[in-house]
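**Student:** Numbering (this note's numbering), first residue to last: 238 to 382.
Just so you know, even glycine gets a beta-carbon here, dropped at the ideal spot from N, CA and C.
Encoded as C-alpha cells, here's the structure I'll be asking about.
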Amino acid sequence: MRPLLNEPTMYAHPTDGAAPRPLTDAERARTRLNRIVAPAQHPDSLTRPETQAASAAPRRPRHGAGKREGFRLGWGSWLVIEILVIAIAAAAFLAWPPTSACREQEAKLGFYAGDTLGKCIRRGIAARIDDADQRLKMLLRGSGR
C-alpha cells in the first residue's frame, strides 16, 4: 500500500546510504504535528508564488464598497424596528376608523351628556377589537371542517 501524499513514510531514510529503519510512534506523531503546525507558523507556504505576488498588489475597491459607511444596525435592532412598525400599523388600523367617526359625530351632532370624544374613541376601538376577536374565533371554529 502506498502512503498518502502528506502522510509520513513508515521508514526513516538515513543520509549515509544505510538501509532505512522503521519510524517509531513518537517520530510519526512528531512529523504529523509538524505538518499541522507548519501552516500556522508560515502561512505564506500555503499559497503559490504567483498568488503571493498578486495579493501584494493593491486592490481596486469593489463597486459600491464605500457606500455603507453610514447608519448600520444589527439583526436584533432591525427585528425590534419591524415589530414596532407592525404594531403601529395595527394600531392605526384599529384606531383610525373610530377616531374619524367620533370626530365627525362631534362636528355634526355632538355627544350626549357625559359622553366625550375620548370615551367615544375608546368605545369604538373596543368594538373593533371585539369584532376582530369574534372573527378569529369563527375562523378557528370553521377550520376543522
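For Phe-330, which residues of its own chain have a beta-carbon under 6 Å away from its beta-carbon, when the five flanking residues on both sides are left out?
**Tutor:** Walking along the sequence shown from the start, residue 330 turns up at place 93. Taken in chain order, the list of residues that qualify is empty.
**Student:** With a cut-off of 8 Å, do at least 3 Cβ pairs link the segment 342–351 to the segment 311–325?
**Tutor:** No: fewer than three Cβ pairs fall under 8 Å.
**Student:** Rounded to a whole number of angstroms, what is the C-alpha to C-alpha distance between Asp-262 and Pro-276?
**Tutor:** The sequence position of residue 262 within the sequence shown is 25, counting from 1. The sequence position of residue 276 within the sequence shown is 39, counting from 1. CA-CA distance, Asp-262 to Pro-276, rounds to 23 Å.
**Student:** How would you label Gly-361, buried or exposed, when you count the other beta carbons within 10 angstroms and need 16 or more for buried?
**Tutor:** Start at 1 with the first residue of the sequence shown, and residue 361 comes out as number 124. When all chains shown are included, Gly-361 counts as buried.
**Student:** Ordered along the chain, which non-local residues of its own chain (more than five positions away) have a Cβ less than 8 Å from that of Leu-373?
**Tutor:** As a first step, residue 373 must be located in the sequence shown, where it is residue number 136. The answer is none, since no qualifying residue turns up.
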